[in-house]
Each structure stands twice: as structure tokens, then as C-alpha cells.
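Single-structure report; data block below.
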Amino acid sequence: MLRPSTTLPRRGRGPLWRNPAVRALIIQAVLFLVLAIVVGYLVHNTLLNLEARGIHTGFGFLEGRAGFAIPQTLVEYTSDSTYGKTFVIGLLNTLLVSALGIVAATIIGFMVGIARLSPNWLLARLATIYVETFRNIPLLVQILFWYYAVLRALPSPRQSLSLFDAFFFNVRGMVMPDPQPLDGFSATPWALLLAVVGAILFGLFAKRRQASTGQALPVYWIGACLVIGVPLIVFLVTGSPLEWVMPKMTGFNFRGGINILPELLALWLALSIYTAAFIAEIVRSGILSVSHGQTEAARSLSLPEAITLRKIVIPQAMRVIIPQMTSQYLNLIKNSSLATAIGYPDLVAVFAGTTLNQTGQAIEIIAMTMAVYLVISLTVSFLMNLYNARTLLKER
Amino acid sequence: MTTDSTFRTEMIEAREAPNQSRGVLGWFRANLFNGPINSIVSIVVILLLARLVWPFLEWAVIDADWIGTTRDACTGEGACWVFISARFETIVYGFYPEAARWRVDIVFALLAILVAWLAIPGTPRKKWVALFTLTGFPIIAYFLLVGGSFGLEYVPTRAWGGLMLTLTIAVVGIVGSLPLGIILALGRRSKMPFVKGICVIFIEFWRGVPLITVLFMASVMLPLFVPGNLDFDKLLRALIGIMFFWSAYMAEVIRSGLQAIGKGQNEAGQALGLSYWHRTGLIILPQALKLVIPGIVNTFISLFKDTSLVLIIGLFDLLAIIRAGLTDSNWLGFSTEGYVFAAAVFWIFCFSMSRYSQYIERRLNTGHKR
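Spelled out as C-alpha cells, the structure:
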């Protein structure tokens with residue numbers, strides 16, 4: 000006969016390995032040991048290998064003379080400069096192409112993203128084709144295409160293609176007029192700074208005024224007039240102190256003007272066009288993510304279309320757009336390292352390429368290069384997390 | 000009863016729709032020329048298409064040369080695809096010995112069958128096929144491609160190239176990074192601080208650096224890590240780098256799926272007395288992985304596109320083989336054809352994958368959406 004047990008099970012602590020806290024400790028200790036052994040083994044091998052190859056570790060090599068030329072230097076550099084300087088030059092070139100790419104990709108991306116939602120059938124289809132084409136072709140193929148199939152196929156400097164007789168395109172890149180500031184030019188940037196500050200103050204004033212009286216001022220128009228108008232007036236009053244040095248054909252090449260490397264142009268084109276395809280999708284999904292009820296509610300309050308867009312749709316779409324956009328910007332910065340495939344002198348090509356080949360300090364150089372990208376990524380993701388925490392939808 | 004003349008007793012004929020809103024003309028009016036701004040936009044787009052797309056089509060299709068085996072077949076008016084067809088074998092197989100190419104064909108066919116089996120909904124025993132794709136297939140493919148046993152001739156990885164190498168890298172990348180990504184994602188959600196810390200550092204490190212530096216690291220630093228006399232295959236080094244790099248991205252995709260599974264699922268498992276691995280393997284992961292199939296496919300698309308980067312460390316993938324062909328002195332000046340062909344091949348693979356991922360998303364999305 001089955002009877003309920005009269006003795007309760009013993010309420011001991013059970014065997015040690017059943018205790019979750021103890022088990023967690025053991026697992027972590029074992030993991031730590033395994034990792035320590037693996038890392039120790041790798042370090043041991045590395046030290047042996049370095050010794051066998053006669054490579055001295057340390058960052059002393061940064062003081063050595065570089066002895067090679069770099070085609071594009073944003074700050075003073077000669078082949079007598081140090082290896083440390085090549086790091087700076089490479090980093091600046093990476094930042095230059097990234098900044099140019101981010102600006103262009105954002106503009107193209109927004110235009111294409113909005114075009115995809117256009118009621119115009121043809122425009123929307125064209126934007127879709129753009130996105131689907133460039134998103135699905137590897138960036139490296141695009142870079143090589145622009146460089147070798149387009150820019151390298153341009154005519155020699157003598158037969159340059161010209162645009163307004165100011166911009167010239169040839170196999171050596173693009174030549175454009177070089178602005179040279181004369182005496183008294185420094186007033187204009189100051190005027191611009193003052194105008195921006197003034198516009199911000201005016202915006203704050205208008206906001207407070209609207210909050211207290213309910214009357215809105217045309218902030219955007221007045222702000223734009225301030226920012227553009229004031230520097231322009233100062234510039235004209237001081238007698239237009241800016242001279243454009245026009246490129247002139249002398250002998251076999253152009254004299255004067257700024258020469259932009261074809262490598263920079265190709266990389267810039269490819270990065271912007273490729274990233275813009277992703278940004279377009281982000282913009283589209285951001286706008287579509289704003290629930291239809293929001294626009295309907297605005298319409299039933301009889302808000303004009305422009306205000307609905309500016310005050311209701313865009314702020315909410317931005318919450319979706321901005322985090323994804325930053326990750327695209329980070330991708331663009333990381334992708335700019337593909338420069339090494341066409342020889343644009345960026346951080347990877349110059350420092351992790353030429354400098355590494357000359358010095359053989361693989362570990363230090365790769366670590367420094369990776370550290371640069373890591374610092375950029377981690378800083379941006381940290382800022383992004385702050386932004387996300389601030390704009391998080393406050394719910395229950 | 001009186002007849003009420005206010006009501007009509009018979010139906011009136013339906014009126015025809017206004018002429019302006021029907022047919023081709025109506026469609027044009029409604030979609031392209033409704034209002035002055037739209038009309039201008041349409042005209043600009045049409046002009047743009049005429050200026051850009053038409054000349055490209057003319058170059059690539061209408062004026063192109065398709066037949067022939069030598070350079071003489073190129074008339075020079077449009078694209079000369081003879082450049083591609085003359086070296087098509089190399090583009091597909093690389094420098095793989097001709098007598099052994101049937102082995103590559105078998106692996107290709109097997110891969111195609113497995114992928115089709117997994118991708119087409121409704122095929123039976125998906126779980127076992129998936130398991131085979133992740134375990135049995137790589138082993139079979141390894142013995143077939145490398146050779147050296149079962150009486151097959153040994154083919155060093157130096158001889159691998161072209162589309163075959165691209166697919167190898169892509170498949171090894173996904174097969175390696177998926178399980179690693181799952182482990183990392185679980186580790187990142189672990190309550191053990193050391194395990195979690197290691198996983199966070201690992202993931203954020205790989206996500207923070209460009210793949211190029213990873214490949215550089217794999218090619219110059221990995222040989223330093225192993226005992227000096229050990230010969231470390233170049234392809235293997237690249238594969239290790241690619242696997243680690245993409246496992247970090249995969250981990251974040253899977254983590255987003257794990258986060259989407261309600262807490263109640265885990266708690267219910269605990270209430271039934273299931274162990275951690277039973278809860279994870281039988282309850283959480285099947286749901287989470289199904290949710291993130293589109294994300295996994297998207298990661299795979301990125302991985303596939305980025306296989307082209309191995310050309311920088313000197314492996315001959317599809318793109319590198321075509322580039323090598325461009326330096327052939329018999330075939331100088333065909334870089335446009337070469338890059339357009341490479342772009343087209345990558346595009347076909349990536350576009351079909353992205354379509355598939357959208358299709359799955361629609362299939363899985365059974366919620367209410369406007």
C-alpha cells in the first residue's frame with residue numbers, strides 16, 4: 000500500500016558541486032587558468048620567435064628616421080622625419096577621408112532615403128535600384144573600380160577634362176583653385192563665429208518667447224540670414240581679402256592650385272556611395288517607424304504639413320536614425336582602411352604597411368593601429384550610449 | 000398603395016471611369032506627372048536614365064563582344080566579355096589541378112543541395128540537415144578539397160583560388176563564427192563576472208577594429224604565436240582571423256535575439272527543474288535563433304562581401320584572380336570588364352541572400368503591422 004512518506008527528506012546543503020555559488024566560482028577559476036595558460040604559451044612562443052629573428056621589442060623604433068616619402072601630407076613631413084611622424088600623417092589622412100566620406104554619405108544617403116519614399120514612382124524605383132546595387136557589391140570592388148577603371152582611365156594632364164575652367168580632372172587626380180587669404184581675412188571667420196553664437200542665442204530667446212506668449216518667430220530663416228549674411232558683409236566690407244590661385248598648365252603638369260590625389264578621390268567616392276546606400280535604408284526605416292497615428296493626430300489638430308514633419312515626424316524618426324547612423328559612420332571610418340588596396344596613404348597603408356615592412360616591429364605597429372580604431376569606436380559607442388539613455392522612450 | 004415617384008425603380012448604367020485616370024496614360028498621370036514638381040522630377044530622372052543607364056546597357060550588352068577565345072575577338076566598341084570567358088575556368092577553380100577539379104564540383108553540388116534544403120521552407124528533417132551542414136559537410140569538404148588521403152592527390156591551399164576560394168572562406172567563416180557567436184552571446188549574458196567580462200572584451204575588441212588590420216595581424220603576428228618550426232598555412236591564418244572577427248558580430252546578433260525572449264520562458268524552465276544547458280538548448284536558443292535568422296543572413300552577406308579583402312594579404316580569391324588577369328600582357332586594358340564582372344558575381348550572391356532574408360522576415364512576422 001502506498002502511503003505518504005512520514006520522513007521528510009534531509010535538509011542538508013547537498014554536495015558542494017550542487018551549490019550554484021561554488022560552481023560559478025569553480026567554472027570561473029578553471030576558465031581563468033585555461034586562459035592564463037594559453038596566453039602564457041603564446042607570449043612564451045612570441046618571445047622565443049622574436050629572439051630567434053633578432054627583433055627588439057619596444058617603441059624605440061618610433062624615433063628612427065623614416066626615409067620614405069608620402070604623397071599626401073597634411074602637416075610638415077619629409078623623408079627625414081621619424082617613424083612616429085608617419086603614424087601622425089597616416090592618422091590625419093585617415094581622418095581626412097573619413098570626414099569627407101561622412102559628409103558626402105550623409106547628404107547622398109538622406110536624399111536617396113527620402114527619394115525611396117517619394118510618391119513619384121520613377122524616383123522611388125531609381126532610389127531602390129541605387130540602394131540594392133551598391134549595398135550588394137563589396138566595397139573593395141567598388142574602390143578598385145573607381146580607381147582603376149574610372150580615374151586611372153582619365154586623360155593625361157595635357158588633355159585634362161575641365162569643369163568651369165577651374166576644376167581639372169586627369170590621371171593624376173583633380174586640380175582645383177587654391178584660396179589664399181590676404182591681409183584682413185581673419186575678420187571673416189570671427190564674424191562667422193559671432194553670427195553662429197548670435198543665432199543660437201536668438202533661438203533660445205525665440206523658444207522662451209514662444210513658451211510664454213505662444214507666438215512663434217521664424218527662427219530658421221532669421222538664423223540662416225545671420226549665419227550667412229554677417230560673415231558675407233564683413234568679407235565684402237574688408238575688401239574681399241581672398242585670392243583664388245587658378246591652376247595653370249605649364250609644361251606637362253599644372254602649376255598652382257590644389258592637387259587632389261586620384262587615390263583620395265576614388266576612396267572618397269566609393270566610401271560615400273557605398274555607405275550612402277546603408278544610410279538611405281536607415282533614413283527610410285526611421286521615417287517609416289513613426290507610427291501612422293502620430294501624423295494622423297497631427298492632421299486632426301490641423302497642424303500644417305511642414306510643422307508635422309518638423310516637430311512630429313523628424314524628432315521621432317531621429318531616435319531610430321541616429322544610433323544606426325553612428326554605427327554606419329564607425330563602419331565608414333573602419334572601411335577607410337581599405338585605402339591600402341589602392342595606395343592612399345592612410346594609417347594602415349603608411350604605418351601598418353611601409354613602416355612595418357621597414358622596421359619589422361609587427362606587434363607594436365599592429366597594436367598601435369588597432370588601438371587607434373578601438374579608441375575611436377569605443378569613444379563613439381560610449382557617447383552613443385549616453386545619447387540613447389537620454390532619448391530613451393520613457394514608458395511605465 | 001401609391002407609387003412613389005421620388006424613387007428610381009431600375010438601375011442606371013454605370014458611368015465609365017474618367018478618361019484621365021485609366022490605362023497607361025492614367026497611370027503616368029497618377030504616378031509621374033501629378034503636379035508640377037513631380038513632373039519636373041520625372042523628366043529629370045528620365046534624362047538621367049538616358050544619360051547614364053542607357054550608355055551602360057549599350058556598352059555592356061548591345062555593343063559587347065561575347066564570342067571568341069582571343070583578344071582579336073574584341074571589336075572595341077563595347078565591353079569585351081571574351082576577357083572573362085577565356086579565363087572562366089581559372090576564375091572558378093583558381094590554380095586547382097585540372098585532373099582534380101571534379102572534387103571541387105562535388106563539394107559545390109553538395110553545398111548547393113544543403114543550402115537549398117535549408118532555405119526552402121517545408122523540407123523535412125531540417126534540424127538534422129543543419130547539423131550535418133555544420134559538422135559532417137565541412138569534414139567531407141576538407142578531405143575532398145585538400146586530399147592527401149583515400150587515394151586522392153594532395154592539393155596545397157596555395158593552388159586554391161577564384162570562386163572556389165571565395166566560397167570556402169565564406170562557408171568556413173559562417174560555420175565557424177555561428178557556434179562561437181552563440182557561446183559568446185551566452186557568455187555575455189552570464190551572471191559570472193569573469194566569464195561576462197572576457198566575452199565583452201572579446202566582442203568589443205573585434206567589433207572595434209577593421210577587418211584589414213585583423214588580416215594583417217593574422218598574417219604577420221600569428222606566425223609569431225606558434226613554435227618557430229611549425230609551418231602555419233596562410234589560408235588557415237586568414238580563416239582564423241575571419242572567424243574570430245565575424246563571431247563577434249554574430250554574437251551581437253544572437254544576443255539581440257536572446258534579449259527578445261521573455262524572462263518567463265527561462266523562469267518556466269527553472270520551475271520545471273531544468274538545468275541551465277537544458278533551458279538554453281531546448282527553450283531559449285531555438286526561439287532566439289529563429290527570431291534572428293534575418294540578422295544572421297545579413298551578417299553572412301557582410302561576411303561574404305568582405306571575403307574579397309583577403310586579396311590584400313595575397314590570397315587569390317575571385318576578385319584577386321580577376322585582378323591577376325588584368326596584368327596579363329595579352330589582355331591589358333580590360334579593367335572595366337573585370338571589375339564589372341566581379342561586381343556582378345558578388346551582387347548576384349548578396350542580392351539573393353538579402354531577398355531571402357526579407358522573405359524570411361515576412362514569413363516570421365505574423366504580428367499586426369500597418
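Chains A and B supply the protein sequences, listed in that same order.
The opening position of the first sequence corresponds to residue 0 in numbering that gives the first Met the number 0, with each subsequent residue numbered one higher.
The opening position of the second sequence corresponds to residue 0 in numbering that gives the first Met the number 0, with each subsequent residue numbered one higher.
For every residue, glycine included, the Cβ atom is placed at its ideal position computed from N, Cα and C.
All values derive from a computational prediction rather than experimental measurement.
Asked: Could you tell me the boundaries of the alpha helix (DSSP H) in which M317/A lies?; Found: I313 to N334
Asked: I want to verify the contact list: residues of chain A whose CB lies under 7 Å from the CB of S334/B, in sequence order.; Found: Y147 and A148
Asked: Using the three-state DSSP reduction, which class does R64/A fall into: helix, strand or coil?; Found: strand
Asked: According to DSSP, which residues form a beta bridge with K247/A?; Found: R254/A
Asked: How long is the line joining the alpha carbons of P19/A and I25/A, rounded to whole angstroms?; Found: 10 Å
Asked: Which of the residues in the stretch 251-284 of chain A, read from start to end, lie with their CB under 7 Å from any CB of chain B?; Found: none
Asked: Mind reading off the beta-carbon distance from G66/A to T81/A? Whole number of angstroms is fine, and I expect it under 8 Å.; Found: That pair is no contact at about 10 Å.
Asked: Can you list, in chain order, the residues of its chain with a C-beta nearer than 7 Å to that of T127/A? Leave out the 5 residues immediately preceding and following it.; Found: R115
Asked: Can you list, in chain order, the residues of its chain with a C-beta nearer than 6 Å to that of S161/A? Leave out the 5 residues immediately preceding and following it.; Found: F167
Asked: To the nearest angstrom, how far is the alpha carbon of Y338/B from that of R151/A?; Found: 13 Å
Asked: Using only the alpha-carbon positions, how far apart do V289/A and W243/A sit?; Found: 47 Å
Asked: Closer than 7 Å by C-beta to P230/A: which residues in its own chain qualify, once you throw out the five before and the five after it? Chain order, please.; Found: T187, A190, L191 and A194
Asked: So G147/B packs on Y153/B, CB below 8 Å; how close in whole Å?; Found: 4 Å
Asked: Enumerate, from N- to C-terminal direction, the unbroken alpha helix (DSSP H) stretches of 4 or more residues contained entirely within the stretch 213-247 of chain B.; Found: 221-224
Asked: Give a yes or no on whether the C-beta atoms belonging to A348/A and T358/A are separated by under 9 Å.; Found: no
Asked: With 16 as the cutoff for other CB atoms within 10 Å, does S176/B come out buried or exposed?; Found: buried
Asked: What is the DSSP secondary structure of G172/B, counted as helix, strand or coil?; Found: helix
Asked: Going straight from the alpha carbon of I281/A to that of F234/A, what length do you get?; Found: 40 Å
Asked: For V174/A, which residues does DSSP report across the bridge?; Found: F167/A and N258/A
Asked: Verify the CB distance criterion: does T212/B have a CB-CB separation below 9 Å to chain A?; Found: yes
Asked: For L144/B, which of helix, strand or coil comes out of DSSP?; Found: helix
Asked: So, are the CB atoms of A276/A and R134/A less than 9 Å apart?; Found: yes
Asked: With a threshold of 9 Å between beta-carbons, can C73/B be considered close to chain A, or not?; Found: no
Asked: Helix, strand or coil: how does DSSP classify C198/B here?; Found: helix
Asked: If you compare alpha carbons, which of W205/B, L235/B and R206/B is closest to V219/B?; Found: L235/B
Asked: For the stretch 341-355 of chain B, which residues have a beta carbon sitting closer than 7 Å to at least one beta carbon of chain A?; Found: A341, A342, F345, W346, C349, F350 and S353
Asked: Output yes if chain B places a C-beta closer than 9 Å to the C-beta of N387/A; else output no.; Found: no
Asked: Since I believe P70/A is in contact with L260/A (beta carbons under 8 Å), could you give me their beta-carbon distance rounded to a whole number of angstroms?; Found: 6 Å
Asked: Rounded to whole angstroms, what's the CA-CA distance from P137/A to S307/B? Just pull it up for me.; Found: 7 Å
Asked: Between the stretch 287-321 of chain B and chain A, which residues of the former have CB atoms less than 9 Å from a CB of the latter, in chain order?; Found: I300, F303, K304, D305, T306, S307, L308, L310, I311 and L318
Asked: Given a limit of 7 Å on CB to CB distance, which residues of the stretch 360-390 of chain A reach chain B?; Found: A361, I362, I365, T368, M369, Y372, L373, S376 and L377
Asked: Does L15/A come out as helix, strand or coil in the three-state DSSP assignment?; Found: helix
Asked: With a cut-off of 9 Å, does the C-beta of I197/B fall near any C-beta of chain A?; Found: yes
Asked: Report yes or no: do three or more beta-carbon pairs, one from the stretch 285-304 of chain B and one from the stretch 252-261 of chain B, lie closer than 8 Å?; Found: yes
Asked: Among K304/B, T167/B and L185/B, whose alpha-carbon lies nearest the alpha-carbon of R278/B?; Found: L185/B
Asked: Per the DSSP calculation, E76/B is bridged to which residue(s)?; Found: DSSP lists no partner for E76/B.
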